[in-house]
Amino acid sequence: MSLEDKNLVKEETEATTTKWFDQIKLHAELIAALFSGVLIAAGWLLDKNELATASVITYILAFIIGGFAKAKEGIEETIANKELNVEMLMIFAAIGSGIIGYWTEGAILIFIFAVSGALETYTMNKSHKEISALMELQPEEALRVTDGKKEKVHVSQLIIGDQILVKPGERIPSDGKIIAGHTTIDEAAITGESLPVSKDIEDAVYAGTVNLNGSITVEITKSNSETLFQKIIELVQSAQTEKSPSQLFIERFEGTYVKVVLAVVVFMMFAPHFLLGWSWTETFYRAMILLVVASPCALVASIMPATLSAISNGARRGILFKGGVHLENLSHLQAIAFDKTGTLTKGKPEVTDIIVADGYSEEEILLKTASIESHSTHPLANAIIKYAKNTLKQSFLNPESMEDVAGWGVKATIDHEEWKIGKAKFVGAKAAENFANGAAAQMATEGKTTVFVQKNGEITALIALQDVVREETKRAISDLRKQGIYTIMLTGDSQNTGKAIAGKAELDDYIAECLPENKVEHLKHLKEKYTNVAMVGDGINDAPALATANVGIAMGEGSDVALETADVVLMKNDLPRISEAITLSRRMNKIIKQNVVFSIIVITFLITSNFLQFVDLPFGVIAHEGSTILVILNSLRLLRS
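Here it is in C-alpha cells:
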C-alpha cells in the first residue's frame with residue numbers, strides 16, 4: 341500500500357471515528373438514561389439475592405449516571421435565576437426516597453425523568469435538524485472568474501459584482517443573477533418546490549440551490565451574510581429562542597408552584613403524625629410521594645416541545661415563524677388584509693386582450709409592435725415583448741428610426757411605415773375612444789391598462805394589459821373563508837382595478853387608492869372590529885402595515901424591509917400556505933390544551949390519592965413520569981404534516 345493510500349485510509353478512519361463520537365455526544369442523555377435502567381435492573385437482582393450493600397451501591401450509580409444531566413441543568417438554572425425548579429424537586433424526591441430505604445423507587449424516578457429529558461432533547465434536536473441540514477447545503481467555496489482566470493475562494497470573500505462559474509451538479513454558493521448560459525435549477529432547499537425551474541440570462545439564482553444541467557456564469561448581487569439562504573437560517577434560529585405567551589406564563593407559574601409544593605411537603609413531614617396519628621415512617625413516606633406526584637413536570641413540558649415541533653414542521657414546508665408567539669397568535673385571527681401587487685397578483689403586467697382593426701393581421705401587428713417595444717424599457721413594453729415571444733415563431737424586426745416620447749409612448753419607422761404606440765391622447769383621443777365600439781372604456785372598468793397601436797395615422801390595434809391574479813390566490817381565499825376568516829384587499833390602485841381584482845380573487849371586500857399611511861389607518865379600524873388581524877404584503881410600502889397588524893406575513897420574494905418587519909415569511913410566495921399555517925397553529929394550540937388539561941388531571945388525581953393513602957411510591961413515580969413522557973410524545977405529533 342502506497343503512502344498516499346495509507347493517508348487516505350487514515351483520514352477515512354478518523355472521519356468515521358469523529359462521526360461515531362458525534363453520534364454518541366448527540367444521544368448522550370438517552371444513552372445515560374438507558375444505562376441507568378440497566379443498573380436499576382442489576383440493583384434489583386442483587387437485592388433479591390440479599391446483597392443489600394452491592395444493591396445500594398448499584399442504585400447510587402444509577403442515580404448519578406441517570407440524573408447527572410437533569411441535576412446539572414436544575415442546579416445551574418437555580419443559581420442563574422435564583423429560583424427553584426422542577427429538576428430540583430426531582431432531585432429532592434429521589435434523595436428522599438433513598439433516605440427512607442426506597443432505593444428502587446428513587447432510581448426508577450431518576451430513570452423515567454432522564455428518559456423524559458432525553459425525549460425533550462430529541463424534540464429540540466429535531467427542530468434544529470432543518471437548520472443543520474440547510475447550513476450543510478451551502479457550499480463553502482466558489483469558483484471566481486476574474487479577467488478569464490478561475491480561482492477557488494471561500495464564499496465569505498465574494499463581494500457584490502464578482503462573477504462565479506457554477507458547473508452542472510454543483511450548488512450555487514451565493515445569491516446572484518445569470519449573465520451567461522442557461523440551465524435548470526432545483527430550488528427545493530429555498531422554496532420547498534419539488535419541480536426544477538428553468539433559468540436564463542438575467543434570472544435570479546439563490547445560494548444553496550442546485551444547478552442541474554449546464555454551466556452558468558453568475559454575477560453576485562448580495563453579500564454572503566445577506567443571502568436569502570442566510571435569512572432563512574436566521575429567521576428559524578430566532579424563532580426557536582423566542583417563547584410564546586403560554587410558555588412564559590408556565591415558566592413564571594413554575595417558580596411559584598415549586599415553592600408552594602416544597603412548603604406543603606415540609607408541612608406533610610410533621611402535620612399528619614400529630615394530626616392524624618400516622619407513624620413517622622408513613623408521614624415521611626407520604627411526604628416523599630407528594631414531592632414526586634405534585635411536581636409539574638408534565639405541565640412544564642406541555643408547551644415548548646409542541647411549539648418547537650410546529651416551528652420545525654412549518655420550516656420544512658416553507659413557512660418561517662419568527663417566534664412561538666406569532667405561531668400561537670395565528671390561531672386567533674379573525675381577519676386578513678392583503679396587499680394587491682406582488683401578493684394577490686403576480687406583480688408584473690401581462691397581455692390579456694388584443695383587438696385588431698378589420699383588414700389587419702394580429703400576427704403582423706404584434707410583430708411590428710413587439711419589434712418597436714423591444715427598444716423600450718417600460719414595464720408595459722416588457723409585457724408585450726414577452727407575450728410576442730410566446731406567441732410568434734419569428735425574430736423581431738429592426739426599426740429604421742425610433743423616438744421615445746416621455747410620458748406618452750414611442751414613435752418608430754419600420755418598412756417606411758410610421759408607427760405610434762402609447763396612450764389614447766398620443767394617437768388621438770377621439771379615435772381611440774371610438775375604436776372597436778368603445779372597447780377601451782369597457783376594459784378600464786375591468787381595471788385593465790390599454791395601449792393603442794397606430795400605423796400611418798390609423799389606429800390598427802388595442803392591447804390590454806393587467807397585473808393578473810396569481811393562480812393560487814382564489815384557492816387561498818376560499819381556504820381562509822372555510823376557516824371563518826374575513827378577507828380584504830388594501831391597494832393603492834384605482835377603484836376600477838381594485839374592484840376587478842377583488843372580484844377575481846373572490847375577496848370579501850376591498851379598499852382602493854390607499855397610501856401606506858392609509859393602510860395603517862384601515863388596519864387599526866379592522867383591529868377595532870375584528871380584534872386579531874393579519875396583514876400580508878411584499879413591498880417597502882407594506883412595512884408600516886405589517887408592523888401594525890397582530891401578525892405580519894411577508895412574501896418570500898418581497899423587499900428586505902418587508903421580510904425584516906414581518907412575523908411570518910412565506911418562502912415559496914404560496915398564499916395557500918397561510919391557511920396551512922393557521923391550521924398548524926390551531927393544531928398546536930389544541931395539543932397544548934390537551935397536554936395542560938391531562939397534566940393537571942394526573943397531578944390532582946395523584947395528590948388526592950396520596951392524601952387518602954391509596955397510592956404507593958412506585959405507582960406515583962410511574963404515573964407521574966409516564967404522564968410527562970405521554971405529553972412529550974403527544975407534542976411530537978406536530979412534526980408530521
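Numbering (this note's numbering), first residue to last: 341 to 981.
Virtual Cβ for every residue (Gly too), placed ideally from N, Cα, C.
CB contact flag (residue i, residue j, <7 Å)
i, j, result
"I560", "S496", "no"
"G414", "E427", "yes"
"E758", "N796", "yes"
"M609", "A634", "no"
"A889", "L863", "yes"
"I512", "V485", "no"
"A874", "L673", "yes"
"A697", "T800", "yes"
"I499", "I556", "no"
"I457", "K489", "Before going further, note that residue 457 is Gly rather than Ile in the sequence given. No. Outside cutoff."
"I754", "T709", "no"
"L830", "A677", "yes"
"W982", "V396", "Residue 982 lies beyond the stretch modelled for the chain, which goes from 341 to 981, so this question has no answer here."
"G960", "L973", "no"
"H964", "V632", "yes"
"L670", "A921", "yes"
"G749", "F766", "yes"
"P645", "S975", "yes"
"A779", "F792", "no"
Distance between beta carbons of residue j and residue i, contact taken as under 8 Å
i, j, result
"N836", "T790", "Not quite, the Cβ-Cβ distance comes to about 12 Å (not below 8 Å), so this is no contact."
"I695", "L802", "5 Å"
"M742", "A752", "5 Å"
"I932", "S652", "Rounded, the Cβ-Cβ distance is 16 Å, inconsistent with contact."
"A816", "P916", "5 Å"
"T647", "G664", "4 Å"
"K733", "D807", "Contact flag wrong, Cβ pair sits at about 27 Å."
"K507", "H522", "Not really, about 14 Å apart at Cβ, beyond 8 Å."
"K822", "E846", "About 12 Å; that fails the 8 Å criterion."
Endpoints, beta strand (DSSP E) assigned at residue i
i, result
"A852", "It is not in any beta strand (DSSP E) - A852 carries neither H nor E in the DSSP assignment."
"V793", "T789 to K795"
"Y727", "Element bounds for Y727: not the beta strand (DSSP E) but the alpha helix (DSSP H), P719 to T731."
"I694", "T685 to V696"
"S538", "V537 to K539"
"E702", "Unbroken run through E702 is the alpha helix (DSSP H), E702 to E713; no beta strand (DSSP E)."
"R484", "E481 to T486"
Cβ shell of residue i (< 6 Å), same chain only, five flanking positions each side left out
i, result
"V601", "A634"
"E713", "A721, I724 and I725"
"M430", "F453"
"A675", "Y826, L866, Y870 and V873"
"G438", "G446"
"D907", "K662, H666, V891 and G892"
"A381", "none"
"K844", "V809"
"P958", "E445"
"D679", "G877 and D882"
7 Å Cβ shell around residue i - same chain, five flanking residues per side excluded
i, result
"G406", "A372, A373, S376, I450, F451 and A454"
"A650", "L667, L924, M928 and L978"
"A434", "F403, G407, G446, L449 and I450"
"V860", "P884, A885 and T888"
"L505", "L483, V485, K490, S555 and T557"
"V550", "R511, I525 and D526"
"V936", "L639 and S642"
"E812", "D914, L915 and P916"
"E533", "Confidence at E533 is low in this model, with a pLDDT of 49, below 50, so its placement is unreliable and the value that follows should be read with caution. Correct list, in chain order: E527 and K912."
Segment limits, alpha helix (DSSP H) that includes residue i
i, result
"N421", "A392 to N421"
"R815", "T813 to K822"
"M829", "From DSSP, M829 is part of no alpha helix (DSSP H) but of the beta strand (DSSP E) over Y826 to L830."
"T837", "Q835 to A845"
"W618", "Run containing W618: none; DSSP gives neither H nor E here."
"F736", "Neither: F736 is in no alpha helix (DSSP H) and is coded neither H nor E."
"K507", "It is not in any alpha helix (DSSP H) - K507 carries neither H nor E in the DSSP assignment."
Residues of its chain near residue i, where Cβ-Cβ distance is below 8 Å and the 5 sequence neighbours each way are ignored
i, result
"G501", "E559 and I560"
"E470", "Residue placement at E470 is flagged as unreliable, the pLDDT there being 49, under the threshold of 50; the coordinate-derived value follows with that caveat. Hits under 8 Å: V576, S652, A655 and R656."
"I962", "I448 and I452"
"S619", "H613"
"W384", "S395 and T444"
"E897", "G682, D878 and N913"
"S834", "G787, A852 and E853"
Closer than 7 Å to chain C by CB, residue i
i, result
"V378", "The structure shown has no chain C; it contains just one protein chain."
Taking one C-beta from the stretch 703-712 and one from the stretch 930-942 each time, how about it: are there three or more such pairs within less than 8 Å? Contact between the stretch 703-712 and the stretch 930-942 is absent, because fewer than three Cβ pairs lie under 8 Å.
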